[in-house]
Every structure is written in C-alpha cells, then in structure tokens.
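Taking the working numbering, the leading residue of the sequence shown gets 49, the next gets one more, and so forth. The beta carbon of each residue, even a glycine, is placed where N, CA and C say it ideally should be.
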Amino acid sequence: MRLSQLLIKTEQQTPADADLISHRLLLRSGLIRQVSTGIYSLTPLAWRAMQRIAEIARDEMNRIGGQELLLPVAQPASLWRETGRYAAIDASLARFTDRNRQEMVLAMTHEEAVTDLARHVIQSHRQLPVMVYQIQTKFRDEARPRGGLIRLREFQMKDAYSFHADAQSLTEFYGRVTAAYKSFYARCGIQAIQVESDAGMMGGGDAHEFMLLSDSGEDTLLLCDACAYAANLEVLELQQLTGDICPRCEGTLRRMRGIEVGNIFQLGTKYSEAMGAFFTDSQGARKPLLMGCYGIGISRMLACVVEANHDGAGIVWPTSVAPYAVHLVSLGHEPEIRTMAEELHAMLGAENTLWDDRPLGAGRKLQDADLLGMPVRVTASPRALAAGGVEVRHRQTGRTRIAALDEVQMVVDSLLQ
Ligand SMILES: [Zn+2]
Numbered sequence: 049m050r051l052s053q054l055l056i057k058t059e060q061q062t063p064a065d066a067d068l069i070s071h072r073l074l075l076r077s078g079l080i081r082q083v084s085t086g087i088y089s090l091t092p093l094a095w096r097a098m099q100r101i102a103e104i105a106r107d108e109m110n111r112i113g114g115q116e117l118l119l120p121v122a123q124p125a126s127l128w129r130e131t132g133r134y135a136a137i138d139a140s141l142a143r144f145t146d147r148n149r150q151e152m153v154l155a156m157t158h159e160e161a162v163t164d165l166a167r168h169v170i171q172s173h174r175q176l177p178v179m180v181y182q183i184q185t186k187f188r189d190e191a192r193p194r195g196g197l198i199r200l201r202e203f204q205m206k207d208a209y210s211f212h213a214d215a216q217s218l219t220e221f222y223g224r225v226t227a228a229y230k231s232f233y234a235r236c237g238i239q240a241i242q243v244e245s246d247a248g249m250m251g252g253g254d255a256h257e258f259m260l261l262s263d264s265g266e267d268t269l270l271l272c273d274a275c276a277y278a279a280n281l282e283v284l285e286l287q288q289l290t291g292d293i294c295p296r297c298e299g300t301l302r303r304m305r306g307i308e309v310g311n312i313f314q315l316g317t318k319y320s321e322a323m324g325a326f327f328t329d330s331q332g333a334r335k336p337l338l339m340g341c342y343g344i345g346i347s348r349m350l351a352c353v354v355e356a357n358h359d360g361a362g363i364v365w366p367t368s369v370a371p372y373a374v375h376l377v378s379l380g381h382e383p384e385i386r387t388m389a390e391e392l393h394a395m396l397g398a399e400n401t402l403w404d405d406r407p408l409g410a411g412r413k414l415q416d417a418d419l420l421g422m423p424v425r426v427t428a429s430p431r432a433l434a435a436g437g438v439e440v441r442h443r444q445t446g447r448t449r450i451a452a453l454d455e456v457q458m459v460v461d462s463l464l465q
C-alpha cells in the first residue's frame, strides 16, 4: 500500500483534550477521528488493526467449539420486557419507536436475542452444550464516554453465549473460555489479569473480569501479595468486606488501577426462566437452559493494545495486530532509489507493506514511521545504498542494520517472529 494513496492525515501536535496515551496516539497517527461524543470513525489503518484483533478473537472462539452467528442490533422492546431489563436499565439503553409505532431498542448486549433464538432451536439435552458468538456493532448511550476508544457509545464487541444442561457442564466450559481469553490477550500483546467481579445487571453466579493494569484505568483492583486472589473493589464492597485484607488467605491486598478488557459471567437460568427457554433432559424432564456469557470489547482492545505498546515516539504495534508488517521508506529523488523501493514493495508484498512514497523530507517520513509503529522499517536511501543495501530497523528494540537486497526478506522475517 502506498502511503501517498492511503486515507490518512497524521498530526504533529498532541491533542489538548486527550488524557490517555492511546487516545493521543490514535488521534496523532490519524487512525481515528471523533464524529460525536463517544463515536468515532476508524480510518483504514485502524480498521486493519481492529480486524486482526477480531480475527484472533474469532480463532480463539472457534478453537473451543464456538459457532459464529449474527444477531440483530435493532430489536423489539418486547424482548427486553420479558426479562425486565427494559425498565431496569437506565438511559444507556437507546430506545426508539419505529414507523409502525412499535417500541424498539438498539442492543447494548444480546442475552435477550440469543435466548429468544435458543428457545426456538434447542429442545433436547442432545443439542447441549453449545456456544455461539458474534463480532459486531453495539450501541450504549454512556453518560460519560472517555479516553477515545476506551469508553465509547458505539463500538465493536465480541460476545459469546453458551447453553448447558447442568451446572457441571457450565463450570467446565467456563474454564475453557477462561483459558481462551488468556490466550487471546497474550496473542494481542497484552498482559491481562483475571479478577473476580460483580455480576451487576447480568445476574447469575460466578463472574470475572480481565484487566489491563494501567494508572489511567477507572477500576480499582485489589491484588493479594500472598496468594493469587484478585478482585475488583466493587466485589468486596458488596460483600461488605474491608479492602485491605485478603478474604482467601488474610494476606495484604495491594490497590492497582485497571482497564477492563473483557468479562465472563455464569448467568445460570436467569434469562432462560424469564423467557421460557427450556429443554428436555435425559430423564424426559423439562428444565431451563443454563447459560454463560463472555464479552470482549474489540474497539477498547485496539486502544489497550496501544496503551500497552508504545514509546515516546509513537505506537509500537505487536506483529500480531499491526496494520502492516513493514513500513518501507524511500528517501531522496534519485531514480535508482525509487526503482529499488518499487522492487522492495513488490518483493515484501504490497499487502503487508506500507510504502511511504510521499515527496517529503527524511525527518517527517521517519517521524511518521515511528508514530504509525509498524514492527519493521525498511529504508531505501542513497546513504544505505552506499553502505551496501537498505536499512532495516526493528521498531520495538530500535536495532538497525544494513541488509543487502537479496537478504532483506530473510532479515525482515526474522524480526517479525
Ligand atoms: Zn490472599
């Protein structure tokens, strides 16, 4: 991809109203543009990175037997009345009346829609367990959107729902999802910790959140120094426990700030009972389906990947998420440099290589390469040519070397591993 053709405009100045580093970098790099409060357009580089995050989520869900589907965003209010959430949820649930005067909502989560599907499709214990998931747009009219892509009103989410015949099956599957989530965060270049959470409006049994430790997080976490206990402060205040002593081992709890990057819940039969989603068990008895639900904010993940992977000069994309693997820079106006860059662009693959072919000076182009943060920079310049080839630089470590043209591919590949 030629940068001269790419729909993007980088900014030299740090935006004044952005507190979080990911917000500042995503704006400065031209990856996102605010359209309204908590509502952003994603430019092609951001969308490529987000698609890669979504693809990792898809892969992890498929590995544990998840079946991808698509549930509607616009839903009749009657579904949400069945569970009582139409009245229980505040103005964050967007409501509207359609042209036939039917009351509707824009879904902020999909328990009602998926339970409605399940009650029509699942009849027998032989169909269980089953897990479905989707990756799509949600709308939540947040009172206080913040931090760029951290707390949005319109966002991309991966949400999954599992159905079970008994508690043992739900608990076993919950463990498999937990492992899949840990793998997902590691593959995206994020160290997320699992903490006990409050089930809140979701209702039901066990609940956990996955947190990126960050001073700019809005959640307060309590981590035990002596054992693996970790919880959101909200949990202890519910349970009316003191926040300093570990409820498991009486060790000392440390307070940290975190950004939630995912959550998992054992919903039990809350939704299936409310909506009449029953199955016939092996003894012929009619029972409500047990459910689990599992979310990852894909838009928020994009911000968190940047939050966890940057330096003073810009974004440092993990290879797994980077919009392009290679940032090719051609410097100078000499025809042989231009020709060499064209050959490199073709050799490294236009699909994986962003080529800065703009007629700009070296300072600006190298600055933009650091800001945009692709894992490997390849620079074709008269100076590098005189030294025997092109300059190959690893964005994360800053290690730089001259590579002859016939070894560029090998050097780049070794840096991308
Ligand atoms: Zn402890």
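Test item: CB-CB of residue i and residue j under 8 Å
i    : j    : result
V225 : I112 : yes
F258 : V309 : yes
M339 : F211 : yes
L79  : T91  : yes
D404 : D416 : yes
S368 : R76  : no
R296 : L270 : no
R406 : L51  : yes
beta-carbon residue i near ligand 1 non-hydrogen atom, thresh 7 Å
i    : result
Y277 : yes
R296 : yes
G291 : no
G421 : no
A274 : yes
Range covered by the alpha helix (DSSP H) that runs through residue i
i    : result
D207 : That residue, D207, is in no alpha helix (DSSP H); its beta strand (DSSP E) goes 202-212.
L414 : 410-420
V178 : Here V178 belongs to no alpha helix (DSSP H); instead the beta strand (DSSP E) covers 178-187.
P383 : 383-396
W403 : Where W403 is concerned, there is no enclosing alpha helix (DSSP H), although the beta strand (DSSP E) it sits in stretches over 401-404.
M458 : 456-464
V440 : It is not in any alpha helix (DSSP H) - V440 instead sits in the beta strand (DSSP E) that spans 438-442.
K230 : 215-235
H71  : 69-76
Identity of the residues DSSP links to residue i by a beta bridge
i    : result
W95  : None; W95 has no bridge partner.
C352 : In DSSP, C352 forms no bridge with anything.
N280 : L269
Y342 : A208, I312
A122 : L154
Y88  : Q82
P336 : F326
A240 : L260
First and last residue of the uninterrupted beta strand (DSSP E) at residue i
i    : result
S378 : 374-378
V424 : 424-428
R302 : 301-316
L453 : Neither: L453 is in no beta strand (DSSP E) and is coded neither H nor E.
E257 : 255-261
CA-to-CA distance, residue j to residue i, given in whole angstroms
i    : j    : result
L463 : V440 : 9 Å
E190 : L200 : 7 Å
T290 : V243 : 17 Å
L453 : M388 : 9 Å
G436 : N280 : 56 Å
L141 : T131 : 14 Å
T157 : R147 : 24 Å
T445 : R167 : 53 Å
I450 : H442 : 12 Å
I363 : C275 : 34 Å
D254 : G299 : 23 Å
M174 : D329 : With the sequence shown as reference, residue 174 is identified as Arg, and Met is not the correct amino acid for it. Approximately 8 Å between the Cα atoms of the pair.
T448 : H375 : 14 Å
F187 : K57  : 27 Å
Y209 : W128 : 17 Å
Residue i: CB within 7 Å of a non-hydrogen atom of ligand 2
i    : result
G299 : Within the structure as shown, ligand 2 is missing, the only ligands being ligand 1.
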